[in-house]
Structures are given as C-alpha cells and as structure tokens.
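Protein chains in written order, with my numbering: chain D, 312 to 655; chain F, 161 to 541; chain E, 77 to 403; chain P, -11 to 632. From the three backbone atoms N, C-alpha and C, an ideal C-beta is built for every residue, glycine too.
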Amino acid sequence: MTQPTPIPTEPAPLLRIAGLKTHFFTDDGVVKAVDGVDLTVEPGKTLCVLGESGCGKSIMARSILRIVDRPGRIVGGSITYRAADGRSVDLAAMSPTSAAIRQIRGSDIAMIFQEPMTSLGPIQKIGKQIVETILLHRRMSKAEAKETAIEMLNRVGIPRPRERFEAYPFELSGGMRQRAMIAMALCCQPRLLIADEPTTALDVTTQAQILDLIADLKEEFGMAVMLITHDLGVVAEVAEDVAVMYLGKVVEKGDVYSIFEEPKHPYTRALLESVPRLGVRHAGRLPAIEGMVPHPLVRPTGCPFRTRCRAFMPGICDVHQPELQRQGRTDVACFLHNPVPAHG
Amino acid sequence: MTMTQTELANAAESNIDPTPIVLGPWALVWRKFRRHRLAMVSAVVVIFIYLVAIFAEFLAPFPTDQTSVRHTFAPPQPLALFVTDADGTRFRPHVKGLKMEIDREAMRRSFAVDAERIIPVGFFVKGYEYKLLGLIPANRHFFGPLDPRDPMYLWGADRLGRDMFSRIVMGTRVSMSIGLVGVAVSLVIGVAMGGLSGYYGGWVDTLIQRFIEFIRSVPTIPLWMGLAAAIPLDWPPLRTYFVVTVIVSMIGWTSLAREVRGKFLSLRGEDFITAARLDGLTDREVILKHMVPSFSSHIIASLTLAVPLMILAETSLSFLGIGLQPPLVSWGTLLKEAQNIRSIIEAPWLLIAPGSVIVVAVLALNFLGDGLRDAADPYSN
Amino acid sequence: MRGFLLRRLLYMIPTLFLVSITTFIIIQLPPGDYLDALAADMGEAGVENTAVMEALRQQYGLGQPMYVQYFKWMKGILLEGNFGISFEKNVPVNDLIWDRLAWTFGISILTLMFIWFTALPIGIYSAVRKYSVGDYVATFFGFLGLAIPNFLLALVMMYVAFKYFGQSVGGLVSPEYLNQPWSWAKFVDLLQHIWMPIFVVGTSGAAALIRIMRANLLDELYRPYVVTARAKGMSEFQLLLRYPVRVALNPFISTIGWILPTLVSGEIIVAVVMNLPTTGPLLLRALLVQDMYLAGSMILIVSVLTVIGTLISDLLLAWVDPRIRYQ
Amino acid sequence: MTLIPKRGWRATQVAAACLALALSGPAWAWQEAPMLSKMVEAGEIPPVDERLPAEPLVQEVVEQTGEYGGTLRRAILGGGDQHNIVRTIGSDNLVRWDWNWSEVKPNIAKSWEVSDDATTFTFHLREGMKWSDGAPFGADDIMFWYEDVFLNPDLTPVKDINFVGASGPVEVTKIDDLTVEFKFGEPNGLFIQNLAYGFSYYPTVFAKHYLSQFHEKYNPDVQALVDAEPAASDWVQLFNLKAGPMDTPLFWQNPDRPTLHAWHLTNAYGSTDRVEVVRNPYYWKVDEDGNQLPYIDRITYDQVEDVETILLKAFNGEIDLMLRHIGRPSYKAVLTDNMERGKYRFFDVNDLPANSMIVMMNLTNKDPVKREVVNNKDFRIGVSHAINRQEIIDLLYFGSGYAAQSAPQPGSEFFKEEYQKQYTEFDPDLANEYLDKVMPEKDAEGFRLGPDGNRFQLIFLVADVFGLQYPDAMELIKGYLADVGVDIQVRATDRSRLIALHTANEQDAYLWNCGGGQKDAYTAPLCYLPMPSNSVSWAREWAKWATDKSTGEEPPEEVKAILAKYDSVKAAPTPEEQHDLMAELIEMAMDQFFTVGLVQNEPVFGLARNNVRNVPDPLPIAGQLWFPAPYVAQVYYEGGQSLP
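Below, the structure written as structure tokens:
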C-alpha cells in the first residue's frame, strides 16, 4: 500500500479489506490462502469475487466474519466495517470468539454457503434454526420470532411456510434448503450478505431462481452483497463490481462492464475466453487455461500466475510481485500494465 | 473446476515448478500416522512385545516350571552393574544373594539381602535347553546368572519359587497370540458376515443382523463358561488353548461385522462402485478389488483395537478359572494366581508385574489402534 | 414408524425363541448337574451321604430328558410367569432375582450417570482441544481405564479402603445395617460404600465413552453446519452443545438400551470381588453349581433385556434423529 | 406356617406345665439369659423351669462358667456353605462325642443300653424336653421319622447306610414316650459310634407336630399346601422342601422348622445378605452352675461371595470365631500380621485325616491296559518312591507337615510307624526298579510303554479343594513321575466336574484326601477298603459290588477278604473285639497299598477374638465329626459381648 487510497467521491464503503493475509499453518508448511487482498464493498451494491477453486475467495469471505477454522489465522491486514451508526471497526483485529464479532455475525453481516445440504443442522427443524438466529440478535418473544421466521420463509418463496417451519432439512429439496438458508441469513436484515457459491450445488433452473431471489432481496432490504463464484455467467447476471482472485490475491478488480469489455489481466482474459458464448464459433476445443493451479505449498516466486501465463516475461514476472494498480477503469496487478520496479 | 482437470495431461510440458510427489493412500496413512507420536512409540512397544513373544525362551533365563524350595515368594532382586571391592570398581552385572528365614509360627519366609554373596550375571549364558522358534535346538539365553543353578529373581518369585520374569516373558507368547489368533478368527467371520450383510442388503442383511443381535444378546460369561466346560478333559492343553481363543473371539466378530456392514452400506452408493459394477465386474471382484481396499485401513485400526480386548477377555476367563490351565502360562493366569489379599500384602510383585505388563501392552495396542484409526482416513481434515 | 415398530416386534419372536433354546443348551453344556455340585460341596466338607443324593435327584426331576425339561420350563414361563425353582435356594427363581435385579438396575443407572457426567465433558474437551495437553492426559487416563482389568482395580480398591480408611469391606452397607429396615443412617452408609463399585465399573465405561465421544465429535466438528451456526453469531459453547454435540450424542443414545444387559451380566467379576447384592454373583454361582433354572432364567432375562434394549435403542435413535425416523 | 407352632405351643402348654410340676424336683434353680428373662416377663415364653427338661444335660465347660450375651459374627459364602451353619449349630444327635473325640457321651438321649449281642440299642429320652417352638419332644417324634420318613419309599428311596444292617434296615420301636429301641438283624458294634457322628441326626430332627402337616398320611388336605408352594409339585417334594437333609442347603432354608439346636434360624440361608440364628429358649443343656445354655445370644453369618472378603473381615475384627475357609496355611502369615488390628488369636484344629493328599488311581478303570498297570502293586510302589514329598511340603506348606502314607495317624489306636512310612522315601532309582518290573520298555522320549506297546499315560484330574494347593502339587508330581518315565497329564477342573467324572467311573486318577486317620477309622475307612462315597473313589466298581452284589464288579479275593473283615468288625459286640478286628483289617489294607498317600499336614488353625472363651483347643474335626457344633453352646464372651 504504497499509495494512499484515492478519496472516494461516492459514500464511504461498507467494508474495506486492505492487505488481508490469512495463512494456514499446517504440519507440512504454511499455506497462504489469502495473501494480501484489497477490496471494498460499497453499500447496496453487489460485488462478485471470481476465481477458480482454491484461489482463496472462500477463505477471504470467511475471514471477514472471522470464521476461519484452525489452523487458519489472519496474519495481517485490516477489515474495516462501517456500522449503521457510522462508526468503523476493524474486524481483523477482533478476537474470533468475542461478543463484538458475534454481534456483527448474522446481524450486520450474514453469510450463506454453497452446500445447502450440509450447511443446515441436520437434526434440528428449519424453523427452530431461524428462530434461534432471530433470538440471538433481536429482542423479541419466541412467538414473535416464529412469526418473523415464517414471514421470512414466505418471503424467500417457500410455499406453505407455516408447514415448512416444522420441517427438517432433509425433508426439503436443495433449492428449498438454499431458500431456507437465505431466509435464515436475512432474518435479521443484515447490511451485507456474503454468499459463498450459493448456487453451485443446484440445478440450472434453481440457480437462476436463487440468484433472482438474492437480487430481489438486495433491492428490497437495500443491503450489499458479496457473491463468491467461479461462474462467469453468474457474474454477468448479478454483479455490479467484480474482483478476480488468483492464488490468494486480487489480480484485477473493477466494475462489471469494464472487466467484461476490457479485461486486462491475462488470467481474467483467459477466464473470459474459456466461456462458451452464444453465436461465437470456436475452431476447435474451447480454449482453456494452461497448466494447473500450483500446489498451495509451492507458491511461484514473483507473479503467482506466471507459471500459466501466456505472456510470461522471464526476469520480470518471476522476480517481482505485481501490485494492484489502477489502470484505466480497473485495478490490475500485472507487469504488462504496471511499471516494473527497478529493484527486486 | 473442469478447465484445470482437462489440462492435467498437458501440464508436464508447460513451465511448471516441481509439484510435490503425489502420494498413494498407504503412504498418506503412514505419513499421518507418523505424526501421531504416541502411536509411534506404541508401535515400537508393540513390536518389542511381539519380539519378546517370538523369542521368549531365549529371553527367559529359567524354565517356567522350575521351582525352588528356598525361594518361595522371594522379592525382586535389583540388578546391579558395578562391583566395588578391594580392587576398585569394575563393570560386572550381578544380583545380590538372598538369605531366607522361616517363621514357622506365621508360616512365612522372610528374605534379607546377602550383600556378601554376589551372583554374577552375564549375556548369552548357557541355560536350559529349548528350541528356538520351535525348530533350532539351543541352550543359550540372552542373559542370566553365569551358573544356571544360581537364583536370580529380577521380578521376584511366586509361591513355588518360580521366576516371575521368566513366567511373564513366556506368558507374553500365549497372551499376545490369543489376541492375534482371536482377531484373525473375528476378522474372517466379521468381514464375511458384515460384507454379505452390507453388500446384498435386503433379507440377507435382516437375517444376519438378527443373528448378530442374537449372538450379542447371549451374555458373554455364561456363554464362555458353558463352552469352556464342554471342552473334553482329555484334550491336550494346546488344543484347549485354541478353543479358548475361539471362545474369546466370540466377543469380537459381531462388532467388526457391524462396522464392515456400515462401510459396505455407505460404499454401495458411491459412484466408483456403481462404475465398477457397470463395467461388468462380478460381485466378488467388486468386493475384493474395490470395496475391501477402500476400508482396509479402518479394518486394520479396529483390529488393533480388538487385540487388547481379547487379551483382557482372556484375563477375565482365567479369573473365572475357565481359561487356560497350567502348565500353560499367560498373563491372565499369572494375574489370577496373584488375585488375593495375601499377594497384595505379602508379595505385591506377583500382582504388579503381570498387572503392569498387561496395562502396558493394552495401552500400547490401544494407542496404536487409535493412531491407526486417526490415520486410517488419509483424506479427512 | 408404526410399521417399523411392528416389524421389529415381529423379528423379536424368533430371536427370543432361539435365545431360549441356546440358553438351555448353554446351561446344559457342562457335564454333570446340580447334584454333582452339591456332592462336591459335601465332599469338600468331608461329608459322605450317598443316600441323600438319590432322594434329591427325584426332588429336582433331574433324571428327565432334556427336551422335557425345556418344555416344562418354557411352559411355566409363558403360561404362569414361573421361571422354575432354584435348586440351591429352593425357592422360586422369581423370589430371588427381582430384588437383585433392582439393585443391579440401581447401580447400573448410577454408574451410567457417573460415566456420562465424567466422560462426556472430557470427551468433548478432548475433541475440541484435539492434540492439546489436556487431550493427551484425557486420552492417557482413558486408555488406562480400559487397560486395567476391572477385577484387579476392585481388589486393590477394596484393600485400600480396608487398609487406609478402615472401612468394612464388601457389600453395599456395613454389617450393622444388614437385614435392617431402611433409615437415613443406612442410606448414608450405603452412599459411603456404593461409590466404589460405581467407580470401578465406571472407569472402563467412561474410558471407552471418552474415546467414542471424541471420535464422534471430531467427525462433526468441522461440518459446514457448524460454520453456519458460527456465522449466525452463536457463541462457541452454545453452538457446540446445540449442533455437533447433539449429533455426536446420537450413537450414545442408541447404546442406552444396551447398557442394562451388559451391566447385569458384564460386571459379574467385580460384583463377586466386591460382594455386591446384584445379579452377577447369583448368576455366577448358579452357573458354577449348575442351578439350572436359576441360571437359565437369568440368562434368558438378560437376553430378553438385550433384545428389548436393542429395540429401545433403535426407537430412541429414531426419536432423537429425525433422519432415521423418516426413512 | 408361623401360626402352627404357636398353636402347638398353646395346646401343649398346660400339659407341659403339669409334667414339670409333677416330675421335676426343685433340686436345681435354673438361670437363664437376660434376653430370655425379658421374654418371660413379657409372657412370650414360659419360665425357664418349664422350658428345661426335668434332667437337662449338664454340659462340662472347656475353661470356666461363662457369661450371657453377645453376637457371634461369622461369614458365609454365597452358596453351598451350609456346613458353615451345620458345624456351628447343627450337630446335636442322640449321643455325642466328647470334645476330645475319645468317648461317646449322652446327648439328647440321657442314657442308652446295648444288648450283649450288639443288635439292640435302647435309648432313654429326657423328660419334658422341648422343640425350639416349645412343643414337647419325645419318642413319637423319633417314630415319626422312622415310620413315616425313613420307611416311606418316596421320602427315602435310599436308606442311610448307618441305619441299615446286612439283613436290612433297622427296626425301631417305641417302648414308651421316653424310650425307643433300635434293633438290627445282626450285631452292629459301630452303631453308637456312628450315631455320635454328624450324619446320624435323622432320628431327632423330624418334629412330628410341625412336619406331619406336610405328610399325606396325616394331612388329607396336603394338596392345598402343595398348590400354595410354587417350588413343589407334589407332597413328597413339599415334604422334602420343609424337611430337607441337614447337610444340604434345604435344611437351612426353612426357618419355621423346629429343632433341638442351641440356636434356631430367623431367616433362610441364601435369600438375604445375612443369616441370623437366635438362641433357642428351650435348649436342653445347662452348665455346671445351672445356667441354661447357650451363653451367646445370636450368631450372624454375613453372606459374602469371595473368600478374600472373609479374610478382610477377619482383619477388621468382624469375625469372632471361625476356622472354615480361613484356617489355611497360606493365610497364616497375613492373619498373623493383622492380629492386633483384628484383636483375635489362633487356636489349633486337629483335622487329621488318614492323609491330606492322596493319589487315588482308579483300580477299576474302564481301560483294561490302565487297569492292569495300576492294579500292579509294584507300579504303585514305584510311583510312591518317585515322589519327592519333602519338596512338596517345603514348597506348598512352608515345611510344615511330614511325608506319610494314607494310614492311621499318630494318636490313633491303630497307628504304626511302618504303615505311615512305607514307600515314602524319595528314591528315583528304587522307583525305577519297581517300575521296570511293570513296564520295562521306554519310547524315544524316555517314557514307559504299557503292556499294549503304546506309551502309558494317566490323566490326572485335579481341583483346587481343601485350600491345599492341589493343582500346584500336581504340577510337581507330574515332574517327578516324568523323571522316572511315567507320563501323566494333568487336567485342572472344578470340583463338581471332578465328582461327576469319578462317579461315572471315568477317571484315571486324582488327588483327594481321606478320612479314617483317627477314631473314624472304624466308621469311615474309605481308603482301607472300597466303600460307596461321593468323593473318594479308587475302586468305585468294587464298592458298588460290596453294597449290592448284583451291581459293580467283583473284586479280587484279597479285597473280598478285607470287605469280609469289615463285616466282622461291625458284627463284633465289644469294643475290644472291634479293635482287634479293625487292626487286622488295617494291616491287610496297608499290605494292599490301595492308594498312594503323600503328605500329612500339621494341625490347621482357627481364629477367635481375644475375649471369646471356652473354645476347645485343640479342636478335633473330621468329615464325620461336625465339631465344634455340640460345644459352641458353652462358648462365651468375656464381658458379654464381642470386643469393639
């Protein structure tokens, strides 16, 4: 962070992540799952975090709520959350078990997960799990909480919500479960919803319904959404802002139009090329990104993407680490665009 | 993500850093196991115990049935390494002699250390004859008094003046093999029954589950007593030993079968099993080539945990007087002989020595099994 | 659910039938009969009385073929609830066992409570703080509890109680309270004695339970639903108890049904060493002297308890785990 | 059930009082225990003068006149330990042995006469003697036993050998209410001796007034009682249940049954944690000062499951007087250590069988080869010489005891050192010499071959009985015999299986002991000639033949001669003739050398709290001699209660 962040013209961001590093201290070595991420989430906007599996986007999201399982630990950076009363807190500095962070979880920032099958308590009724959340954060009686929960179930499009209130997770279909999850996440009207690949496990039709639902609710509640996905289609559909992550770093970010129209980072480009498009004929196979994601313990020196980069520049990319810098309409971390530092 | 997977084949040619070697499942198990330090230590202990069992005669300085009138209830003699006399201090392993006095009124012998009398102890000394591994005639023993007629009771002597150390060493063979043989019997029955039950399901499963429930509903001790009492008396001790082992293994196979069944049930729905079936493999092949390997590490772990149960079961049998009979020596029979107030008060070593050996062996086996179980699923966590 | 229950009840019939036959065979397996045992007792006392034997052989109907004895016995049980008489005590089996069964259940339940109250927290701790010093200590003592044969522990504890506390050993009450009606003082005396068998029997049970709880909980602790609960803002303790522990407890609930029968017959040796008025010593003695109907009835009762216990376990499991219930 | 004795007492009360007034002179002023005085005051029982017979037995005390009071605490094993009670309170027969076991004295019978030909025995009972419920005891009770129990084939399918002569069972006749006559078809010189031993309790334990209700002859409605008793299906079973033999648990499971014992049961043995017996207010013995016995109020038997617990109880001072279970050499040391804590002392017990450890080889083995070999006396001599008895004694018994054959022991009128010492010296060469005469051939491993050319092998059964470490001894014996080329296999088993096997004549050999070392040589010569027995069988088939010529197997002439000699002992009318004939018999038996005796133990011991007095020391006991039972009544506590 050599440069001061430019003073935004828009209202202050809801969440500002700066230099976040979340590392896993395993017996085999340190896995740098998140290694210096800078992001901002604007109020009422949808940010899509895009990246392959294992690029650290889920860990980054969990770091915000401080629910990273051991042996993972935040080792650097800050997560500044601006609360409704205008005060800012650094979530990264909080103890993960403190009452302060627990108040934010579920209430200010809620999260839904990719596996609706396993993300709900298996032997507790759906309704009970929602009511539990409400009672954690809102002062109301159990009966009121129940009504709120049923109302919420209704709102997320679950038919016969009063009946479903008494259902167990395994009695619901995947889509219904994800709706229930969303109901649970939104029951306290959070200001930020983090959705971690919420549609991966669902079939295509349901995926669309869920995405629509999230978009609708976002409008309705005026909340911000951080959507984590590897699916460019999803990004295209719902995103306002996009951040592309690779190996624990944001390699490019910007508004969705800029990224799609003018991707700058070779990785972003490769991602976009690998998506089949209607009306575009490919000569042979769909182009794919060469190579594999490196082993988490063997991070390449210099630019993390250099091992797979078609524009690899020996002597530069394997020596220096590119920083995220504003280039035109997006921020990008690539020496094709950024100046190469004089010394390593 | 599909794109990385499709590119696997091309990966080698591109500018790739050396990726860590991809380990096979067994290597992964071993790697995880190695990290479990307690289990590693236990593994060493268990191997040591089995070595003792194999080379028992070589390690035991005296025959198990060698009695000594002058040394009934002789206390343990500490092994000293150095001798200090007029010529200075020299390395000379020895034990001190014992002076015995008889208190006729209280009917007891009391022993005092005879500091004057030094019984030199050496390695690879000559002693009683035996067959190493049951084949090679030998008379050398790992250590013992230089003169085999001299007394040396490192762990004390029992009521007939027999050397407890030798008896425990020899008992290791019976006790530890009862565990192994018993487990082997349990394994065969358990995997067969559990496998059938879990693989076929339906009425086979119902039948076998009812059968297991039935076996388990018969209380163990009466079952043991009934079976043990039905052994004809004119059977030689070794055959009786084998039957006792089979009896002991009755407790093991049902739980193993349940475990195997559970694994089968969960595997049955897995894609790779379905794929194997669609490939036209016979049931036998599917079971042996695909299912058994995928849970064999679990089975090994449960087996390791079953061995100590068998060892303890044998001690219970011995306690009831329906287990092994003299002249066979096992830890259980040794413990039974010491199971009385008199031993606790007058000769605690009779209880402590076999008791601690059992505890150590069972502990080690349990830790080992625990470590194996933790390591058994290399993909967990 | 009703179909499930009905099916299970139906399965019980052949199992119980098989159990009754096996029981009968087991008690007949050893050569000889009660009179041989009686003769042995008399012989060891130096008493020679051959005339008595013949009279008693008729008294006990021991000359009849086995299947006749079996049918007589079963008929009595099924039609009149009459388990036959004890040869050695010469009273109906019914008069002997219920009292002792009550004691056994009492001790079993207390032991169970002891096990649960000690083992569950330790097991949970052990899982949550996996590989911590506390976990190693718990593991070590857990396995130690498993490794020490119960009867050894019983004898040593009795000796310690005698030697250092001057306590009257054996039994559940001091001699002065034997055959006395219940009073507060007797109850206090009972409490002073009863902890010992509970501890001895409980240690190995607790040890096993710690291990199982730890393993079960470790399986659950990193499941996504735990993360969900955490993301909701629940405190660690709350979410631990409400979600993973609750799920990890299921296997235990399913073993409640098993506990009674194992404690009835499983701790025979401890009961003998510690002189408890439970079914164990009675059963052992009955087996040793081939007190046929007494031994047979007790084995049968234990077996029936096991079968019923399994049923109860399955029902309980279905009750606490909706996933099973709705299958 | 409890109603009946009460009614009986009321019915007889008047008559008894009249009798007492009319017949008992006021020569004695009887004293009674304080606990009974209270009961008299409360009107629960009649005064002592009316309870005692006109001529109570005046019991000589061992040390001095005692004090009343206290509870004698003992422990009893959970099952099969009825002899624990029998031997403290059970043995009170028509006549008794004195406490030195030297002479038969009056007991329930105040006197008796024997006809010159030793066929007829007339007993005079004590006038005004009562059962423990207060009902009078008399000749009718004995006749009830004889006519309705003993002669009833359902109740007594096999007659007790003590009441059967060669020509049939004894004939008992009532002369008057206080006189009965026992008449045998031929002389029975041992009858009085036999009657003094424990088993002969039969005539005086069947209380007619109580038991007749269970007898179909006296109670036509007995079926109603049968129906009410779940443990019985007909009146015979019911009767046996209410009137079981004393040496089985049955007797001690009916607390309602009136007895003539010093204490009577308050609850049934086996059903609770403690069996308690309380003094019989009608006990018919007094001390020399006219105090009614017993001195001690009650005896408790705490039921335990394990001998170890009894030991711990003894250490804790919770055992007041006991020798059963704990008087074993191996416990001596720990008991000595805790003497101060438990406040007890030891007394000697003269338990001297013919031998404590006898190798009984089956002379009527089903296997012809084994039978041929073991029947050869040279084989048995060889075996005897091969065994190192001193080592067994040193190892197992701390050197106490001595090598001995099964023979009359020192102190016995038949003792001869040559009997005791024959073939006992340890001499493997001599053993080999004898064995070579029987089985000269050996196989490659040095084991002798039997006459059929196969290795000769005997399977020895061994059970851990008498607390004498038989299994350990057997391991040693196995080694000794292997040294002289005899292959034996040891099979440890429990007692009942051992009994089952040898009563089926399916054993080769086993270790046991044998009575007949002392006075009981006359009545229990189990190792001198083949006799039917539950536990001793070295020639079961011959013994069968001896009792019934149509069964078993005819023994060789020498054995038949011994059997005939025993008949002549029984027929001899005078003690002198009996002695001479018995001595001849023993001489013959010693020459036959039926069994190989190994060890004679030194006297064992009993334990008494320090203030327990009047304990016979040494106390003789034997299989038949149920001591100290008749003499516990005069045991007392100094201070009237057990030490705290």
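Using a Cβ-Cβ distance cut-off of 8 Å, determine whether residue i contacts chain P.
i	result
Leu114 (chain E)	yes
Glu130 (chain E)	yes
Ser244 (chain E)	yes
Ala266 (chain F)	yes
Phe409 (chain E)	A question about residue 409 (chain E) goes unanswered here, because the residues of chain E that appear run from 77 up to 403.
Name the one or two DSSP bridge partners that residue i has.
i	result
Gln588 (chain P)	P:Tyr390
Tyr516 (chain P)	Looking at the DSSP assignment, Tyr516 (chain P) forms no beta bridge with any residue, so it has no partner.
Ile270 (chain E)	Its beta-bridge partners do not exist; DSSP assigns none.
Val600 (chain P)	P:Tyr625
Can you tell which of the options has its C-alpha closest to the C-alpha of residue i?
i	options	result
Val620 (chain P)	P:Asn364, P:Asn72, P:Asp325	P:Asn72
Met470 (chain F)	F:Met267, F:Val189, F:Leu525, F:Asn299	F:Leu525
Phe335 (chain D)	D:Gly602, D:Cys499, D:Asp346	D:Asp346
Pro282 (chain P)	P:Leu311, P:Arg245, P:Val274	P:Val274
Ala410 (chain D)	E:Asp367, E:Met310, E:Met374, E:Met350	E:Met310
Arg252 (chain F)	F:Lys286, F:Leu438, F:Ile278, F:Ala246	F:Ile278
Is there a Cβ of chain E sitting closer than 8 Å to that of residue i, yes or no?
i	result
Gly585 (chain P)	no
Pro396 (chain F)	no
Gln485 (chain F)	no
Ser525 (chain P)	no
Leu219 (chain F)	no
Phe615 (chain P)	no
Quick check on residue i - is its C-beta less than 8 Å from some C-beta in chain F?
i	result
Ser379 (chain E)	yes
Ser388 (chain P)	yes
Pro713 (chain P)	Outside the shown range of chain P, which is -11 to 632, sits residue 713 (chain P), and nothing can be said about it.
Could you name the residues of the same chain whose beta carbon sits closer than 8 Å to that of residue i, not counting the 5 residues immediately before and after it, in chain order?
i	result
Arg(-2) (chain P)	Note that Arg(-2) (chain P) has pLDDT 38, beneath the 50 cutoff, so the model's placement of it is unreliable and the number below is only indicative. Closer than 8 Å at Cβ, skipping near neighbours: no residue.
Pro439 (chain P)	Val357, Glu360, Val361, Met427
Under 8 Å between the Cβ atoms of residue i and residue j?
i	j	result
Val292 (chain P)	Gly66 (chain P)	yes
Glu306 (chain P)	Arg286 (chain P)	no
Arg580 (chain D)	Gly602 (chain D)	no
Lys423 (chain F)	Gly362 (chain F)	no
Met350 (chain E)	Met272 (chain E)	yes
Ile130 (chain P)	Thr53 (chain P)	no
Ala143 (chain P)	Val224 (chain P)	A quick correction: the sequence has Leu, not Ala, at residue 143 (chain P). Their beta carbons are under 8 Å apart, which means Leu143 (chain P) touches Val224 (chain P) by this criterion.
Beta-carbon of residue i versus every beta-carbon of chain D: anything under 8 Å?
i	result
Pro168 (chain E)	no
Whose C-beta lies closer than 6 Å to the C-beta of residue i among residues of the same chain, with five residues either side of it excluded?
i	result
Ser12 (chain P)	Residue confidence is low: Ser12 (chain P) scores 45 on pLDDT, short of 50, so the model does not pin down where it sits. Its coordinate-derived value is still stated next. The answer, listed in chain order, is Ala42.
Ala203 (chain F)	Leu528
Just to confirm my understanding: we take residue i, look at its own chain, exclude 5 residues before and 5 after, and list those with CB closer than 7 Å. What are they?
i	result
Pro14 (chain P)	A caution first: Pro14 (chain P) carries a pLDDT of 45, below 50, which makes its placement in the model unreliable, though a value can still be read off. Nothing meets the Cβ criterion.
Leu514 (chain P)	Cys502, Gly503, Gly504, Ser521, Val524
Val212 (chain F)	Leu219, Val329, Thr332
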